[in-house]
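Scroll down for the structure; my scribbles are underneath it.
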Amino acid sequence: MSIVVENLTKKYGEQKAVNDISFEIKTGEVVGFLGPNGAGKSTTMKIITCFMAPSSGDVRLDNVSIHSDPEAIKKKIGYLPENNPLYLDMPVVEYLRFSAEIQGVPKSKIPSRIAEMIDRCGLDREKHKNINELSKGYRQRVGLAQAMIHDPEILILDEPTTGLDPNQIVEIRKLIKDLGKEKTVILSSHILSEVEATCDRILIINRGRIAADGTSDTLRSQSQGQELLKVSIEASPEEVEKAVRSLANVEKVTPIDGKVGWFNVQSKPDASSRKEIFDLCVNNKWYLMEMTGLETRLEDVFQKLTK
Amino acid sequence: MSKVWIITKRELASFFDSLIAYVMIVLFLGLSGAFTWLFGSDVFFINQANMQVFFSIAFWSLFFFIPAITMRMIAEENKAGTIELLITKAVTDSQIVWGKFLACLLLVLIALACTFPYYITISQLGNIDDGAVIGGYLGLILLSASYISIGLFASSITQNQIVAFLAAIFIGVFFHFVFGVVSSSVRGFFGELFNYLSMSTHFESMSRGVVDSRDLIYFFSIIAIGVLLSQVALSKRNWQS
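Sequence lines, in order, name chains A and B. Quick note: the first sequence uses this note's numbering, first residue 1, plus one each step. Quick note: the second sequence uses this note's numbering, first residue 1, plus one each step.
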């Protein structure tokens with residue numbers, strides 16, 4: 001099931017929370033919305049899930065528009081809202097039954113769907129408890145279970161791992177990855193490693209606009225540009241710094257704080273200074289202890305794009 | 001199974017799980033029972049086998065009880081954010097409001113059904129006018145439905161249950177009381193108008209056993225307007241922040 005978003009705009013008063021966004025998501029993709037807080041990630045999700053209407057623009061799921069048939073669209077989407085709101089006074093099983101009924105799961109299939117969700121989300125020991133007795137991690141699982149109860153083709157998860165401990169985060173990520181094999185998944189996050197670990201494709205959203213779109217590798221290489229090396233040379237640091245700086249392909253040399261003889265070396269655009277540094281050491285009879293290429297981190301890409 | 005009924009079922013279960021239902025029923029029965037049988041101008045004091053005493057007590061007690069059961073219906077969901085969860089399920093705004101409306105109405109019906117022994121007892125004491133009893137109960141049901149729709153609207157415009165309660169009482173008091181008082185001191189067209197807008201005008205004629213289409217139109221209009229305004233308040237998210 002593909003999602004097409006066209007020229008979506010949502011205004012809150014004068015402020016545009018989402019500003020003319022367009023993108024397309026193909027069946028089976030796991031897409032991460034990445035952006036600082038207040039960038040418009042949640043608003044975009046709320047529009048796709050038909051919680052609120054956009055000021056202008058359209059969202060279509062397999063050619064069904066949110067303006068023409070929101071009921072049909074809601075049926076195909078499983079949604080975990082931000083902060084995971086739940087009916088706290090309900091027992092887990094009752095809540096899942098309610099979700100299944102209201103999403104139109106046939107009555108004969110409801111018990112098997114509930115059993116499957118409880119099994120899949122690891123809720124077996126908690127299933128008869130009231131939701132308000134559960135810890136945050138288990139509530140999150142209930143939130144995922146209710147989103148998936150009607151076996152939707154699209155899952156939309158708004159910050160699915162906030163407030164979880166590291167073990168729970170790993171579990172939820174694994175669950176999302178599993179789900180991504182059969183479903184189209186959109187998740188939002190401001191944690192980069194999370195998006196990198198779970199998503200096929202990343203949309204960086206900033207101030208209501210799409211700042212970048214691609215896999216984590218393409219995003220990295222797009223902004224990489226210049227080679228960055230970490231070098232360790234055993235010799236007098238002052239001499240080394242001066243010599244390296246005078247090399248033809250080197251743009252910038254910065255000593256690494258607290259480590260004598262270590263430098264960060266940035267090459268000029270479209271040039272490599274690896275060989276030059278090696279030759280320099282050979283000529284001067286210095287020992288080259290280490291030379292590592294530094295990969296641009298997604299954090300840097302993100303910071304560059306969202307500043 | 002209808003979507004409205006699924007929502008109604010959940011709300012009713014939540015009434016009974018949270019003890020609201022029991023507290024409401026016990027208080028209602030206690031209050032109306034005490035004044036029907038024991039205190040003030042009770043059945044033995046007026047010495048007639050009719051249920052007018054009970055109806056006039058219920059007329060007032062329901063006025064206060066109904067905002068107490070409607071106040072949380074939408075306001076709580078607004079506050080907890082569960083409204084987002086509910087709206088993004090495959091239901092329409094109108095199904096949500098009607099489901100909640102029906103749940104409140106069923107709770108009131110259960111409370112009213114519990115007063116059926118009053119009828120049996122009084123009918124043993126003398127000749128009772130069954131028409132007036134049926135009319136009176138019908139009047140109470142329609143009155144309750146009207147206040148429920150007002151209460152739902154009050155609940156839909158806020159996140160705070162206390163505000164919802166007070167707003168419902170505030171809107172309700174005009175229909176319950178103020179319009180009647182005003183109509184008795186104003187003559188001509190406006191006197192007629194306020195008299196028509198007053199709940200008690202319509203309720204009293206029904207509790208005497210006279211069911212007029214004017215009364216039915218009045219109650220159904222209030223119900224429709226209240227429910228409609230709740231839907232409008234719920235869909236407000238579509239055009240503003």
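Note that beta-carbon positions come from the ideal geometry of N, C-alpha and C, so glycine has one too. Source: prediction; values computed, not measured.
message: For Y147 of chain B, which residues in the same chain have their Cβ closer than 6 Å to its Cβ, ignoring the five residues on either side in sequence?
response: These residues qualify, in order along the chain: I66, G172.
- prompt: Residues of chain B with a CB under 8 Å from the CB of E133 of chain A: which are they?
  reply: Against E133 of chain A, chain B offers no close residue; the least beta-carbon distance is about 14 Å (beta-carbon pairs closer than 8 Å).
- prompt: Within the chosen definition, does the stretch 169-188 of chain B reach the stretch 139-155 of chain B through at least 3 CB pairs nearer than 8 Å?
  reply: Yes, the stretch 169-188 of chain B is in contact with the stretch 139-155 of chain B.
Inter-residue spacing [alpha-carbon to alpha-carbon] between T36 of chain B and F59 of chain B: Those two C-alpha atoms are separated by around 13 Å.
message: Would the stretch 14-34 of chain A count as touching the stretch 136-146 of chain A if we require 3 or more Cβ pairs under 8 Å?
response: Too few Cβ pairs lie closer than 8 Å, so no.
- prompt: If you draw a straight line from the alpha carbon of I57 of chain B to that of S32 of chain B, how long is it in whole angstroms?
  reply: I57 of chain B and S32 of chain B: Cα-Cα distance of roughly 6 Å.
message: Our contact map puts G99 of chain B next to I7 of chain B with C-beta atoms below 8 Å; I'd like the distance itself, whole angstroms only.
response: With 8 Å as the limit, G99 of chain B and I7 of chain B qualify as a contact, their Cβ atoms being about 3 Å apart.
- prompt: Buried or exposed: which applies to Y12 of chain A, given that a residue is buried once 16 or more other Cβ atoms fall within 10 Å of its Cβ?
  reply: Label assigned to Y12 of chain A: exposed.
query: By how many angstroms is the C-alpha of L228 of chain A removed from the C-alpha of N264 of chain A?
result: Rounded to the nearest angstrom, the two C-alpha atoms are 7 Å apart.
task: Determine the contact status of I204 of chain A and G35 of chain A, defining contact as a CB-CB distance below 8 Å.
output: Against a cut-off of 8 Å, the Cβ pair of G35 of chain A and I204 of chain A comes out as a contact.
- prompt: Between the Cα of N160 of chain B and the Cα atoms of B:E192, B:G81, B:L193, B:A145, which residue gives the shortest distance?
  reply: Looking at the Cα atoms, B:G81 is the closest of the given residues.
- request: With S189 of chain A as the anchor, note down where its beta strand (DSSP E) starts and where it stops.
  value: Run containing S189 of chain A: 184-189, per the beta strand (DSSP E) assignment.
message: Please list, in chain order, the chain A residues whose beta carbon lies closer than 8 Å to that of K100 of chain B.
response: Residues of chain A with a Cβ closer than 8 Å to the Cβ of K100 of chain B do not exist, since the nearest Cβ in that chain sits about 13 Å away.
message: Against V53 of chain A, what residues of chain B qualify as contacts under a CB-to-CB distance less than 9 Å, listed in chain order?
response: Strictly speaking, residue 53 of chain A in this sequence is Ala, with Val absent from that position. Near A53 of chain A (Cβ distances below 9 Å), the residues of chain B are S235, R237, N238, W239.
message: Taking the alpha carbon of L157 of chain A as the reference point, which residue from B:A224, B:T88, B:S41 has its own alpha carbon closest?
response: Nearest C-alpha to L157 of chain A: B:T88.
query: Taking the alpha carbon of V260 of chain A as the point to measure from, which residue in A:L192, A:R245, A:K252, A:I233 has its own alpha carbon closest?
result: Its Cα nearest to that of V260 of chain A, the residue A:I233 stands out among A:L192, A:R245, A:K252, A:I233.
- request: List the endpoints of the continuous alpha helix (DSSP H) containing I7 of chain B.
  value: Going by DSSP, I7 of chain B is part of the alpha helix (DSSP H) stretching over 3-17.
field: Terminal residues of the alpha helix (DSSP H) in which F177 of chain B lies
entry: Run containing F177 of chain B: none; DSSP gives neither H nor E here.
message: Quick check on DSSP: helix, strand or coil for M348 of chain A?
response: The shown model of chain A, from 1 to 307, leaves out residue 348 of chain A, and the question about it has no answer.
- request: State buried or exposed for Y138 of chain A, treating a residue as buried only when at least 16 other CB atoms are found within 10 Å of its CB.
  value: The residue is buried, with at least 16 neighbouring Cβ atoms inside 10 Å.
query: Where do the ends of the alpha helix (DSSP H) carrying L197 of chain B lie?
result: It spans 188-197 - the alpha helix (DSSP H) in which L197 of chain B sits, taken as one unbroken run.
query: Is the CB-CB distance between Y95 of chain A and Y87 of chain A below 8 Å?
result: Contact flag set, yes.
query: Straight-line CA distance for S149 of chain B to I73 of chain A?
result: S149 of chain B and I73 of chain A have their C-alpha atoms spaced approximately 29 Å apart.
- prompt: Closer than 8 Å, CB to CB, is P9 of chain A near chain B or not?
  reply: A quick correction: the sequence has Thr, not Pro, at residue 9 of chain A. Taking Cβ atoms only, chain B never reaches closer than 8 Å to T9 of chain A, which makes this a no.
- request: Have a look at the DSSP bridge pairing and note the partners of E194 of chain A.
  value: None, per the DSSP bridge assignment.
field: Selection from B:I157, B:I69, B:F45, B:T158 that minimises the alpha carbon distance to S14 of chain B
entry: Taking only the C-alpha atoms, the option nearest S14 of chain B is B:I69.
- request: Please compile the residues from chain B whose C-beta is within a distance smaller than 9 Å of the C-beta of E71 of chain A.
  value: Those are A90, V91, T92, listed as they occur along chain B.
- prompt: Do you know whose CA, among A:I256, A:Q226, A:E238, A:K230, lies nearest N249 of chain A's CA?
  reply: Taking only the C-alpha atoms, the option nearest N249 of chain A is A:Q226.
field: chain A contact for E84 of chain B (CB, 8 Å cutoff)
entry: True, the Cβ-Cβ gap to chain A drops below 8 Å.
Closest residue to V240 of chain A among A:R207, A:D279, A:R220 (Cα-Cα distance): Restricting attention to A:R207, A:D279, A:R220, the CA atom closest to the CA of V240 of chain A is found in A:D279.
message: Quick check: D89 of chain A and N132 of chain A, are their CB atoms within less than 8 Å of each other?
response: Closer than 8 Å, so yes.
- prompt: Taking the alpha carbon of V64 of chain A as the point to measure from, which residue in A:K268, A:E6, A:S108 has its own alpha carbon closest?
  reply: Checked all of A:K268, A:E6, A:S108; the closest Cα to V64 of chain A is A:E6.
DSSP state of L134 of chain A mapped onto helix, strand, coil: Three-state result, L134 of chain A: coil.
query: So is K74 of chain A in contact with chain B if we call contact Cβ pairs under 8 Å?
result: Residue-level contact by beta carbon holds for K74 of chain A and chain B, with a gap shorter than 8 Å.
field: Unbroken alpha helix (DSSP H) run spanning P70 of chain A, endpoints
entry: Following the DSSP letters along the chain, one finds P70 of chain A inside the alpha helix (DSSP H) bounded by residues 70-76.
query: Taking the continuous alpha helix (DSSP H) assigned at Y119 of chain B, which residues delimit it?
result: Annotation for Y119 of chain B: the continuous alpha helix (DSSP H) segment containing it runs 116-125.
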